[in-house]
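Inspection log for the structure reproduced underneath, given as structure tokens.
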Amino acid sequence: MSARSWVPRLVVLDRDGVINVEREGDYVRSVEAFLPIEGAIEAIARLSRAGLPVYVATNQSGIGQGLYSEADLADIHGRLVDLVGNAGGSIEAILHCPHLRDAGCACRKPAPGMLLEIARRSGVPVESILFVGDAATDCDAAQRAGCRFALVLTGKGQGSQESVAGRTEVVCADLPGLAGIYAP
29 MSARSWVPRL VVLDRDGVIN VEREGDYVRS VEAFLPIEGA IEAIARLSRA GLPVYVATNQ
89 SGIGQGLYSE ADLADIHGRL VDLVGNAGGS IEAILHCPHL RDAGCACRKP APGMLLEIAR
149 RSGVPVESIL FVGDAATDCD AAQRAGCRFA LVLTGKGQGS QESVAGRTEV VCADLPGLAG
209 IYAP
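The opening position of the sequence shown corresponds to residue 29 in the numbering used here, with each subsequent residue numbered one higher.
This is the structure we're talking about:
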């Protein structure tokens, strides 16, 4: 099935490497360190204006490591919501997993917990959700939840192509490319 023959009812975006520049070997710990990828904010607004509810699901183990706080993350996400709002769009909710990699929680991707919670909150069936990410763990989470997956080649995306081959709805250079398909 081609990307254009199936239309999602809801879009979920990973954050680091999809919306903002991922800090190599570090975390986005402050609003000042949050640098949107070129065109990403406008693409989110475009998806939203096209009638697609947009959510964000992001692993944030820096909280569990004590590198930054829930309040710091709330400030970063407040900035993201403001930027998208200023571009004429909206983000329905941002879910995050603060746990360490080995915590065994149900929310840290590749576990499907955040995606299942978004489906529950929104009332949209998982099979009608498109999860957009840049890593194999994002694709794994989408498959475990029953969502479709789109790979963007920003962030870790270039290096993830082989590991997600045959498991994607679509592969796009970036979020503006994805918006061009689902919000023409």
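We treat Cβ as the ideally placed atom computed from N, Cα and C, and that holds for glycine.
By DSSP, does residue i sit in helix, in strand, or in coil?
i, result
"PRO64", "strand"
"ARG43", "coil"
"GLY119", "Per the sequence presented here, residue 119 reads as Ile, with Gly not at that position. ILE119 falls in the coil class under three-state DSSP."
"ALA147", "helix"
"THR182", "coil"
"TYR210", "helix"
"LEU158", "strand"
Counting C-beta neighbours from all protein chains within 10 Å, is the total for residue i 16 or more, i.e. buried, or is it exposed?
i, result
"GLY94", "exposed"
"LEU63", "exposed"
"ALA134", "exposed"
"ALA131", "exposed"
"GLY183", "buried"
"ARG45", "Correcting the residue identity first, residue 45 is Gly in this sequence and not Arg. GLY45 is buried by the Cβ-count criterion."
"ASP42", "buried"
"GLU50", "buried"
"GLY53", "exposed"
"ALA99", "exposed"
"GLU190", "exposed"
"VAL56", "buried"
"ARG149", "exposed"
"ASP110", "exposed"
"SER76", "buried"
Is residue i near residue j, with beta carbons less than 7 Å apart?
i, j, result
"CYS167", "ARG195", "yes"
"LEU128", "SER97", "no"
"VAL192", "LEU206", "no"
"ARG37", "VAL199", "no"
"ALA85", "VAL40", "yes"
"ILE119", "VAL59", "no"
Thinking just about the alpha-carbon of each residue, which of the options is nearest to the one in residue i?
i, options, result
"ILE65", "GLU197, ALA78, PHE177, LEU181", "LEU181"
"GLU155", "ALA164, PRO138, VAL56, ALA173", "ALA173"
"VAL35", "PHE159, ASP103, LEU108", "PHE159"
"CYS125", "ARG107, SER118, ILE119, ALA102", "ALA102"
"ASN87", "SER76, LYS137, GLY185", "LYS137"
Inset, instruction - Determine, using beta-carbon pairs with one atom in the segment 96 to 114 and one in the segment 130 to 150, whether at least three such pairs fall under 8 Å. - result: no
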